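In the working numbering, the protein residues as written are 1 to 168.
A short worksheet on the structure shown next.
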């Protein structure tokens, strides 16, 4: 295993520090969140508690946006992707592994919309095909010198989002 000591440092509960976000609106938009919901989240500085529980090479992630039914997902580092569903974000596949530089990387693939294509085929028939576009979000994280959890996320559009979370 690469840096297990670093992995155990994420144990605990965290909350957004909105003052340090970069391109967070793009992150929400590319996850399929509508304009009004994104603006309300930013205006109200909505910051649900996020919890990471590390047990060996297993990571359990909990998001307490809904206090009555928190979202929970458990994954094993280095294993094949798992499929899950999160309210507000839909269905997605997620995989966590160590990269060649010793960083913990999480790859998330989700449907980000539909592409409809209409054309005439070789027999003169009008054909309409619908294809789901799949977006991939690639996230790395680290504990910075101030003890904050800094997550860098490469979005499907190629933009980079930075989220900073503080321990609570």
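Cβ atoms here follow ideal geometry from the backbone N, Cα and C, with glycine treated the same way.
None of these values were measured; they are calculated from a predicted model.
*Does DSSP put residue 37 in a helix, a strand or coil?*
Residue state, collapsed to three classes: helix.
*So what's residue 149 in DSSP terms, helix, strand or just coil?*
DSSP places residue 149 within a strand segment (E or B) once states are collapsed to three.
_Given 8 Å, three or more beta-carbon pairs between the stretch 15 to 30 and the stretch 70 to 88_ = Taking 8 Å as the limit for Cβ pairs, the verdict is that the stretch 70 to 88 does not touch the stretch 15 to 30.
*Within the chosen definition, does the stretch 7 to 19 reach the stretch 139 to 157 through at least 3 CB pairs nearer than 8 Å?*
The stretch 7 to 19, when compared against the stretch 139 to 157, does touch it at the 8 Å Cβ threshold.
*asked:* Does residue 120 pass the burial test, meaning 16 or more other C-beta atoms within 10 Å, or should it be called exposed?
replied: The residue in question, residue 120, is exposed, as its Cβ has fewer than 16 Cβ neighbours within 10 Å.
*The beta strand (DSSP E) spanning residue 29 covers which residue range?*
Counted as a single uninterrupted DSSP element, the stretch harbouring residue 29 is not any beta strand (DSSP E) but the alpha helix (DSSP H) occupying residues 24 to 30.
*asked:* So for residue 154, helix, strand or coil by DSSP?
replied: Here DSSP, grouped into helix, strand and coil, assigns residue 154 to strand.
*Check each candidate in 85, 5, 123 and name the one with the smallest Cα separation from residue 55.*
Nearest option by C-alpha distance: 5.
_CA-to-CA distance, residue 151 to residue 87, given in whole angstroms_ = The straight-line gap from Cα to Cα measures roughly 21 Å.
*Tell me residue 137's beta-bridge partners as DSSP assigns them.*
The secondary-structure analysis by DSSP pairs residue 137 across a beta bridge with 108.
*So, helix, strand or coil for residue 6, using DSSP?*
Of the three classes helix, strand and coil, the one that applies to residue 6 here is helix, per DSSP.
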